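Shown next, in C-alpha cells, is the structure this report addresses.
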Amino acid sequence: SQQGEEDPQALSIQEGENATMNCSYKTSINNLQWYRQNSGRGLVHLILIRSNEREKHSGRLRVTLDTSKKSSSLLITASRAADTASYFCATALIQGAQKLVFGQGTRLTINP
Amino acid sequence: EAGVAQSPRYKIIEKRQSVAFWCNPISGHATLYWYQQILGQGPKLLIQFQNNGVVDDSQLPKDRFSAERLKGVDSTLKIQPAKLEDSAVYLCASSFAGERTYEQYFGPGTRLTVT
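Chains A and B, in that order, give the protein sequences.
Note that the numbering used here has the first sequence beginning at 2, numbered continuously upward.
Note that the numbering used here has the second sequence beginning at 25, numbered continuously upward.
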C-alpha cells in the first residue's frame, strides 16, 4: 500500500480562496516532499520539509509537518486558476537513499 | 538548463507486443528513476539507478520489464510482452546523489496504451 495518503481526494474552490490538503503516512521519514502535476508542466517539485522542521514557506505555499501524528499539510493561499492540478505528497524514508514513495494525490480545481 | 527528456511521448501497441522507452536525465544527476503512473494514482517507483548500478528494483515486474543505464547517463525501459494492465504513463526522473535526499526532476512522460 502507499506510504502517503492524501485527503481530500478532490477539492474544488473559488479563485482567491485558500486550499488545504493533508497527507498522512505510516512509517518514520527523513523528509516529506510535495509535488504538483498538471497537463501543461508535468510533475514538478514544490517544497521539501525535513523531519526536524515543523513549518516551511515558499511564496504562496505553506507546509507543516507533525511527526508525532505522522501527517503534513499543504496550504495554498490566494488560489489562482493556474493552481488547478493534482498535488502529491512523497515521503523519503532513509537519508541519502533518494527513494520517494508517493501518495494517491489530491485533485484541486480552482473555479474562476 | 535542459530538463529530463523522454521519448516517445505516446505509444499505442497491442498486447503481447514489445515497447521501449528512452530517458536522458539532467546533466550531472547521478540518480535516475523510472516510475509507472496509472490513471488516478500516484507514481510508483519501478527502478532506481545510481550511475549505472541498480539501487532498487523491488517493484519491477522482472518477468516482462527490463531497464538499463549502460554508461551512467541515458536509460531505456523495455516491456516484453506487454499486457493490458501496463497501460499507464511512464515517467523518468533524475536527481543528485549524496548524503541527503534531493528533489527529483521529472520528464514529460510516455503515455502507453495497450490494446
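Cβ atoms here follow ideal geometry from the backbone N, Cα and C, with glycine treated the same way.
The model shown is predicted, which means the values in this text are computed figures rather than measured ones.
By alpha-carbon distance to residue 81 of chain A, the top candidate from A:62, A:28 and A:102 is A:62. Against chain B, the CB of residue 70 of chain A has no partner CB under 8 Å away; the residue lies outside that interface. Residues of the segment 68–82 of chain B with a C-beta less than 8 Å from any C-beta of chain A: 68, 69, 72, 74, 79 and 80, listed in chain order.
Residues of the segment 44–74 of chain A with a C-beta less than 8 Å from any C-beta of chain B: 44, 45, 46 and 49, listed in chain order. Contact note: residue 130 of chain B reaches chain A through 36, 38, 43, 44, 45 and 46, using a C-beta cutoff of 9 Å and chain order. With a threshold of 16 other beta carbon atoms within 10 Å, residue 7 of chain A meets it and is buried. If you look at residue 46 of chain A, you'll find it in the beta strand (DSSP E) that goes 43–51. When rounded, the separation of the alpha-carbon atoms in residue 83 of chain A and residue 31 of chain B is 27 Å.
When A:23, A:5, A:33 and A:54 are compared, the shortest CA-CA separation from residue 11 of chain A is found for A:23.
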